[in-house]
């Protein structure tokens, strides 16, 4: 009977928690929507993969903004000349769609690469500013991946592969606006006093992808025009209250002009945002391995790709300051993640296999950088009543004694290196402030990893 009573009590508590969670209903105001707690999985994840893929992957020249650079209000000479010199007169951007062939697109292969990278979530471009949808949308007529080009549901195939082969969260990027959509241009001409584009295109698409693919990240972009024009608050109210992902979904902050860094879920603020100081609100550094573009470029050069060390350095500084890093790759029109991108992802995963303890599920410490040593970033985890501090060394110590200024050691402080079996000797700095760590001579083939090293420091006073 006692065990039965325990079970009854446990079920009662679960029902109470469930009823309380269901009683929270968000209103279509920023005060209400911004009060929604961010689902904990997102902060714990730390690393995601961004995937920019679309018709722009066919010309694969300049960037994913190629069409705008070619036919926008201020055409770029490089894009105009590229088309003039390489394509027949009268060739249109829509003609590229038939060349978006995706014949080498293997979603299982992508899923395995992303899993090997150590990423905990991905965000796939469902539709960029060109308006082409990577799923068979009911609201994109013949400008979608099933009616033109691939004749495939690119979004659905990857969603299935990610969920069947990995524990990675599946998310979708969606552009609110479309550069050359006549309905959008008419609304823009009316100073956004009409909403034909919103009512017949953008918002129906958002409902469609959420209901069909159940993304746990909805990454909005292309937010020219006020949030009242986009009816963003109304959509987010449905997303948080009624959608099939209402309890787990996270959103960013690009829901209308002026929303960035102010409203929504986590903040992106601007592309490649990396403030270098601790932020009071959860944020994300969306960045690219190709320094100049989000979409694949055929004419890129090796020195335009971030090195593994640069990627790890960006991750360390981002996580130390409370952010997540969303790292972008741009697949080819054939559907391949080029070997260099794959190598970067797998190398990052190798590093995280050793050092992930100092990245995943950490929180910012009282210091982000060290006060004495250069190229050192800190993270922290709570362990019972104490805390564990991780010092991420972006360069290997040149001197036999590494002098850290920020930690305040106790008599029971212990210092180890993740992936290395032995503890390191240390003494206190002047006045008991600082930690002077003796770095043993470690043969190169016994070093736990390359590029950066993580010291685990326990039982500090601060």
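Numbering (the numbering used here), first residue to last: 15 to 476. Where is the CB? At the ideal position from N, CA and C, for every residue including glycine. As the structure is a prediction and not an experimental result, all values here were calculated from the model.
Here the alpha carbon of residue 309 sits roughly 13 Å from the alpha carbon of residue 318. Among the bridge pairs identified by DSSP, residue 397 is matched with 400. Secondary structure within the stretch 322 to 397: the beta strand (DSSP E) runs of 3 or more consecutive residues, fully enclosed, are 337 to 343, 390 to 397 (chain order). It is roughly 15 Å from the alpha-carbon of residue 205 to the alpha-carbon of residue 195.
Excluding five sequence positions before and after residue 176, the CB atoms of its chain that fall closer than 6 Å to its own CB belong to 125, 182, 184, given in chain order. From the listed residues 291, 257, 252, 298, the smallest Cα separation to residue 268 is found for 298.
Only residues of its own chain outside the window of five on either side were considered, and among them 274, 275 have a CB closer than 6 Å to the CB of residue 283, listed in chain order. For residue 135, the three-state secondary structure derived from DSSP is strand.
Here DSSP, grouped into helix, strand and coil, assigns residue 176 to helix.
Counting other Cβ atoms within 10 Å of its Cβ, residue 241 reaches 16 or more and is therefore classed as buried. Here DSSP, grouped into helix, strand and coil, assigns residue 407 to strand. The stretch 377 to 390 and the stretch 65 to 84 do not touch, with fewer than 3 CB-CB distances between them shorter than 8 Å. When C-alpha distances from residue 219 are compared across 237, 246, 188, the shortest belongs to 188.
Less than 7 Å divides the Cβ of residue 476 from the Cβ of residue 422. Here residue 203 is exposed, its C-beta having fewer than 16 other C-beta atoms within 10 Å. With a contact defined as Cβ atoms closer than 8 Å, residue 330 and residue 420 miss out at about 15 Å. In the same chain as residue 432, and ignoring 5 residues on each side of it, the C-beta atoms closer than 7 Å to its own belong to 368, 369, 371, 372, 462, 468, 470, in chain order. The stretch 158 to 203 is shown to contain whole alpha helix (DSSP H) runs of 4 or more residues at 168 to 179, 196 to 203, in chain order.
In its chain, beyond the 5 residues on either side, 148, 159 have a beta carbon closer than 6 Å to the beta carbon of residue 168. Taken atom to atom, the span from the alpha-carbon of residue 377 to that of residue 398 is near 15 Å. In the three-state DSSP reduction, residue 54 falls in the helix class (H, G or I). Put simply, the backbone Cα of residue 180 is about 9 Å away from that of residue 128. Non-local C-beta neighbours of residue 295 in its own chain, meaning closer than 7 Å and more than five positions away in sequence, comprise 281, ordered along the chain.
Boundaries for residue 276: no beta strand (DSSP E) harbours it, and the DSSP string shows neither H nor E there.
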